[in-house]
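Numbering (this note's numbering), first residue to last: 6 to 251. Positions of the beta carbon are idealized from the N, C-alpha and C atoms, including for glycine. Below is one structure, written out as structure tokens; comments come after it.
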């Protein structure tokens, strides 16, 4: 997967989604600068983190979100205002020039992903691949019976990657809906095997969902799994790398 340098003024084309990779490391100088671009409420939320590393990740990811979205709607980052839907999914308020922008943010470890579309719903998820002592229990609790059966047939050394591949594909879809895991990760099936095309294979309560959504794998870097779900049509996913100023 190719991560491209972004244009100064990004534009969303029809049937296109942009996914931005944000590295969450930062120097103390750059973090102080980025903190100043957050709202007062965001700065207060950042200050409540107990660990400095978590505070840094929050500041960098949310300041990057403001800078990126500001570039789409031609607004200074700190002037952006957000509202929250009934399922707590954020949206921009007073978008400039009638340019409708939808977005979703996810972070894990030292990487964040921000997905941006025009007038279509979108969800994104990223997870650091790691060993989980209760991986099989979590799979039985949250995955469908079909997905669990596929995972069990894989070689043991492949199952951690497959678990997080399945998880990010499912979570991206649920975040696009705006409901999170409360909707029920076992109510639909995705393709869970790394390297196989990401897809929403079936949905028990609404079969039409399989054609309403387009799933795409995102490769943030070694040791990570990622996925984006976009309301169709979506013919192209452009991957862009956000870089902090030094």
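Check your understanding: Applying the criterion that 16 or more other CB atoms from any shown protein chain within 10 Å of the CB defines a buried residue, is residue 89 buried or exposed?
Key -> exposed
Check your understanding: residue 247 and residue 11 look like a contact to me (Cβ under 8 Å); what is the Cβ gap, rounded to whole Å?
Key -> 7 Å
Point to revise | residue 84 to residue 144 span [Cα, whole Å] | key: 42 Å
Exercise for review: Please specify which runs of the alpha helix (DSSP H), each continuous and at least 4 residues long, are wholly inside the stretch 141-181, giving them in chain order.
Suggested key: 150-157
**Study point:** Status (buried if at least 16 other CB within 10 Å, exposed otherwise) for residue 82
**Key:** buried
Check your understanding: Grouping DSSP H, G and I as helix and E and B as strand, with all else coil, what is residue 54?
Key -> coil
Check your understanding: Under a three-way DSSP split, which group does residue 14 fall into?
Key -> coil
**Study point:** residue 138 versus residue 241: straight-line alpha-carbon distance, rounded
**Key:** 37 Å
Exercise for review: Using beta-carbon positions only, say whether residue 234 and residue 177 come within less than 8 Å of one another.
Suggested key: yes
Exercise for review: Could you tell me if residue 197 is buried or exposed, where buried requires 16 or more neighbouring beta carbons within 10 angstroms of its beta carbon?
Suggested key: buried
Review point. To the nearest angstrom, how far is it from the Cα of residue 39 to the Cα of residue 160?
Key: 44 Å
Point to revise | Beta-carbon proximity of residue 113 to residue 133, cut-off 8 Å | key: A contact, by the Cβ cut-off of 8 Å.
Check your understanding: Counting Cβ pairs closer than 8 Å, one from the stretch 15-29 and one from the stretch 58-77, do we hit at least three?
Key -> yes
Check your understanding: Less than 8 Å separating the beta-carbons of residue 77 and residue 127?
Key -> no
Practice item. For residue 256, collect the residues of the same chain with a Cβ closer than 7 Å to its Cβ; drop the 5 residues on either side in sequence, then sort them by chain order. Key: Any property of residue 256 remains undetermined from this structure, which presents the chain solely from 6 to 251.
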